[in-house]
Amino acid sequence: GKITITDSGKGMPAEIQRKVFDPFFTTKAVGEGTGLGMSIVRSIIDEHSGTINVESELNKGTKIEIVLPQKKK
Numbered sequence: 009g010k011i012t013i014t015d016s017g018k019g020m021p022a023e024i025q026r027k028v029f030d031p032f033f034t035t036k037a038v039g040e041g042t043g044l045g046m047s048i049v050r051s052i053i054d055e056h057s058g059t060i061n062v063e064s065e066l067n068k069g070t071k072i073e074i075v076l077p078q079k080k081k
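Throughout, the working numbering is defined as the position within the sequence shown, counted from one, plus 8.
Here it is as C-alpha cells:
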C-alpha cells in the first residue's frame, strides 16, 4: 500500500532534504528536538521492506510518500 502526505507549507531546500533522515539532524533550536523522528520512521519502514521518499519545493510545500509491501495471506 501507499501513503502520501502533502502540505502547502514553505518547503525545504535541497540541502535539508538530503539530511532529513540522518540521525540527530534537526532544524530546531538546541534543546527543542533530538533529530531522531525521521530517522526512526525510516528504520521502521526499512524493517517492513518499504520505502519512504521526500519531495519538496521552496514556497510550494512538501510531499512524503511511504510504500509498504502488502502481506501475503
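Think of the CB as a built atom: it goes at the ideal place given N, C-alpha and C, for glycine as much as any other residue.
Given the structure is predicted, the values throughout are model-derived calculations rather than measurements.
In this chain, the beta strand (DSSP E) harbouring S64 covers 59 to 65. Counting the other CB atoms within 10 Å of its CB gives V28 a total of 16 or more, which places it among the buried residues.
Closest by C-alpha distance to D15, out of S64, V75, G9, K81, is S64. In this structure, S57 places its C-beta atom within 8 Å of the C-beta atom of P77. The continuous alpha helix (DSSP H) containing D54 extends over residues 45 to 55.
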